[in-house]
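Take a look at the structure below.
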Amino acid sequence: MQRIRITYLLFLFLGGFSFGQDCPRISTPQNGDTDVPVDTEIRWTPVSGIIGYVVSLGTTPGGEDILNRRSSGQNNFYVPEVGLPANTTIHVTIRLFIFGQPVKVCPGEIFTTEAVTTPPPCTSLSKPLDGETGVSSNAPIRWNYAYGATGYRLSMGTAPGAQDILSDFDVGNTLSYKPSQSFPIDTNIYVSIVPYNENGDLGPCREESFLVDESVDFCEPFFDSSQGGLVTRKPDIDFPDSVSICRENSSTRIPTEDSADGFRWFKMNQDGTETLISDHPWVDLSEIGRYRYEAYNTISVAGSTIECSATKEFSVFLSEAPIINGIDVMGPFNNREIRINVVGSGDYEFALNDPNGPYQNSNVILNISEQRQIVYVRDKNGCGITEGIVARELSVDDFPKFFTPNGDGINDFWQYIVPEEDGEIKVDRIWIFDRYGFLLAQIDPSSQGWDGNYRGKALPSSDYWFKAVSSSNQSIRGHFTLKR
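Residues in the sequence shown are numbered from -1 upward in steps of one, following the numbering used here.
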């Protein structure tokens, strides 16, 4: 937890440092290049000392209509999985995630892709492979990108040339498909994939096949009459679609609460491969990007051990402790409300006077009393809490009730004195009047104060009036006594 002033100074320091971080330049292709292949690898100059890169591609400056803020981890390259639109100016925006600092958005650069004037070539299965056996009945199928393709038509059947599962179905510009129903068990599945673009296609394309193995379905739920219910051998997975890691930490441990015989965590690479990064019920993450979590149980079938697994893909993003860069006090004296201005990449919630809450999502808190308040801003992802002070309002009790300017060195001046416990209250100006409203003095709140004189002449013992205005433009009036 940290005070608002310290936090703000840190923000200025770290923020200033981050702007010294050099932005990369695209090197393949280079800024302004034309006739760039639509399957080009986009590469940029590496930047040291960062957590990772995020790439956006669009058809307008800063646009994200082609690729919306895709992480490349710490790789200084990105390969568009389904290619780029032909004969199009591509705008590239790269964001830098820097440890302990705000995300830095780098200036955009451009290149123009070549015109594609021929139909795309035929493609092939990548998972399962042609001729593969032991394929699960509910497995999705994937295929390789075909140069220049803007979409794919898919046919599947249980015999060569048959289309009894799927018939010339347009799946769009994607490289995978999961049938709505499971494949039949112990059956060869025949697949034909025809890529197309605005120039047509080169179909019919070569048919490929794979075998759905009955043994795989030992993992599927079945009814056990002895137990009188459905038995599930796969673990039940309860894991979110996304998790956060804290920018301030070198790594964040992400656990699972699922029950299973074993666990695996994979980093999903841009080339379609996966890297095993943990085989524990937790994983230590330090990079944003896409990951896959797998939990499995083991069963014994005919003397062999089979794994029955369930899997979940998820995204990792950065979060951070909030930085309060201002608190606006609004509304009348007896019905204040505040707006807490916060910066940071986290997801924040707000509470008043208690770090344990209750918290609210809105950064506006209503019905604030005139007394001193403490606000707490908490990152919902557990990356920290920041504390800020709302000074209490001015009160007539903040000004002396009397003073005795008799030259004895005790209480000779009348002046506002900042309370020690509320040093945030600042008074800008003070005016002093007699009982008839005649202005006698205007005093600087940083001076000794008023000595009870007007134009060098001592004024008599009496009651006098004052008006004070605070730095937040609050005005207050009161009176005091001059005693001689």
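Every residue gets a Cβ at the ideal spot worked out from N, C-alpha and C, and that includes glycine. Only a predicted model underlies this, so the values are computations on that prediction, with no experimental measurement involved.
- Apart from sequence neighbours up to five positions away, the residues of its chain that approach L209 with a beta-carbon distance below 6 Å are T131, N186, ordered along the chain.
- The three-state secondary structure of D326, taken from DSSP, is strand.
- Sequence-distant Cβ neighbours of T121 in its own chain, meaning closer than 8 Å and more than five residues away, are W141, N142, Y143, A144, A147, Y150, I191, P193, C203.
- Inter-segment contact for the segment 378 to 394 and the segment 300 to 319 is present: three or more beta-carbon pairs are separated by less than 8 Å.
- Put simply, the backbone Cα of P119 is about 47 Å away from that of L228.
- Here the alpha carbon of L350 sits roughly 49 Å from the alpha carbon of V80.
- Contact annotation: the segment 395 to 409 does not touch the segment 355 to 368, with fewer than three C-beta pairs closer than 8 Å.
- The DSSP assignment places 260 to 266, 272 to 276, 280 to 283, 287 to 299 as complete runs of the beta strand (DSSP E) inside the segment 255 to 314, in order along the chain (cut-off: 3 residues).
- Between the C-alpha atoms of A84 and E112 there is a straight-line separation of about 6 Å.
- Judged by their CB atoms, Y188 and P138 are not nearer to each other than the 8 Å cut-off.
- Between the alpha carbons of Q371 and N74 lies a distance of about 47 Å.
- Taking L437 as the centre and dropping the five residues before and after it, the same chain places the C-beta of W429, F431 closer than 7 Å to its C-beta, in chain order.
- In the assembly as shown, P219 is an exposed residue. Its beta-carbon has fewer than 16 other beta-carbons within 10 Å.
- For V373, the enclosing beta strand (DSSP E) has its first and last residue at 371 to 377.
- Secondary structure at F397: coil, using DSSP grouped into helix, strand and coil.
- In its chain, beyond the 5 residues on either side, S70, N73, Y76, V77 have a beta carbon closer than 7 Å to the beta carbon of Q268.
- Annotation: the continuous beta strand (DSSP E) that includes F478 extends over 473 to 480.
- Scanning D256, L82, V53, V340 for the CA closest to the CA of P105 turns up V53.
- DSSP places F208 in the strand class (E or B) of the three-state scheme.
- Residues of the same chain with a CB within less than 7 Å of the CB of P253, apart from the 5 flanking positions on each side, are P279, W280 in chain order.
- A straight line joining the alpha-carbon of N359 with that of V341 spans about 15 Å.
- With contacts defined by Cβ atoms closer than 8 Å, K465 and S459 do not form a contacting pair.
- Judged by pairs of C-beta atoms under 8 Å, the segment 246 to 261 touches the segment 281 to 288, as three or more such pairs exist.
- Considered as a whole, the segment 407 to 462 harbours no complete run of any alpha helix (DSSP H) with no fewer than 4 residues.
- In the DSSP assignment, I383 falls within the unbroken beta strand (DSSP E) covering 383 to 388.
- CA-to-CA, the gap between M328 and T479 works out to about 33 Å.
- Nearest to T86 by alpha-carbon distance, out of L392, D31, N247, is D31.
- The beta carbon of S468 is closer than 7 Å to those of L392, I423, K424, V425, D426 in its chain, skipping five residues each way along the sequence.
- Beyond the five residues adjoining it in sequence on each side, E39 comes within less than 8 Å, by CB distance, of T26, F75, Y76, V77 in the same chain, given in chain order.
- Beyond the five residues adjoining it in sequence on each side, D410 comes within less than 6 Å, by CB distance, of P403 in the same chain, given in chain order.
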